[in-house]
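Chemist:
See the structure below:
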């Protein structure tokens, strides 16, 4: 995860909290293509995590790519999980998450299974 202090102008306090965060934690209001997104970043329990939500719609792939670009380094791999139905949790409508383990590398399929490099 990037040092998030470069996004200090976008920081907002969480409800009921005056702490604005640090280099890897905090809440941010990100305006992108006419929509405000609430982004919460954290790095606890061995994971870097960013949640992204808006009032009226689920973030698109394009939005998630922009958030990944803002919060993570270009060469960091992050994932979006689709859990087992029995483990599904949805505490907030229109919210998606990006995850990255801190101590481990995320396994990736061989690139040929994804597509042909040009």
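In the numbering used here, the protein residues as written are -16 to 101. No residue lacks a Cβ here, since even glycine has one placed at the ideal position from N, Cα and C. Being a predicted model, the structure only gives us computed values, none of them experimental.
#1: Which word fits residue 32, buried or exposed, when buried means at least 16 other C-beta atoms lie within 10 angstroms of its C-beta?
#2: Can you tell me where the beta strand (DSSP E) with residue 54 in it begins and where it stops?
#3: Using the rule of at least 16 other Cβ atoms within 10 Å of the residue's Cβ for burial, across every protein chain shown, is residue 17 buried or exposed?
#4: Out of curiosity, what's the CA-to-CA distance linking residue 82 and residue 29?
#5: In this structure, does DSSP put residue 72 in helix, strand or coil?
#6: If distances are taken between C-alpha atoms only, which option among 9, -7 and -8 comes closest to residue 0?
#7: Just to confirm before moving on: does the CB-CB distance between residue 56 and residue -15 stay below 8 Å?
#8: With DSSP run on the structure shown, which of helix, strand or coil describes residue 79?
Modeler: According to the structure shown:
#1: Numbered from its first residue, the chain shown carries residue 32 at position 49. It is buried - the Cβ of residue 32 has at least 16 other Cβ atoms within 10 Å.
#2: For the purposes of this step, residue 54 is taken as the residue at position 71 of the chain shown. Careful: residue 54 lies outside any beta strand (DSSP E), inside the alpha helix (DSSP H) at 44 to 54.
#3: In the chain shown, residue 17 corresponds to position 34, counting from 1. Its Cβ having fewer than 16 others within 10 Å, residue 17 is exposed.
#4: Residue numbering aside, residue 82 sits at position 99 when the chain shown is read from its first letter. Residue numbering aside, residue 29 sits at position 46 when the chain shown is read from its first letter. Near 10 Å, if we compare the C-alpha coordinates of residue 29 and residue 82.
#5: Within the chain shown, numbered from 1, the residue matching residue 72 stands at position 89. Residue 72 sits in coil when the DSSP states are folded into three classes, being neither helix nor strand.
#6: For this step, residue 0 is matched to residue 17 along the chain shown. If we check each option's Cα against that of residue 0, 9 comes out closest.
#7: Translated into positions along the chain shown, residue 56 becomes position 73. Translated into positions along the chain shown, residue -15 becomes position 2. It is a contact, given that the beta carbons lie within the stated cut-off.
#8: Here residue 79 is taken as the residue at index 96 of the chain shown, counted from 1. Reduced to three states, the DSSP call for residue 79 is strand.
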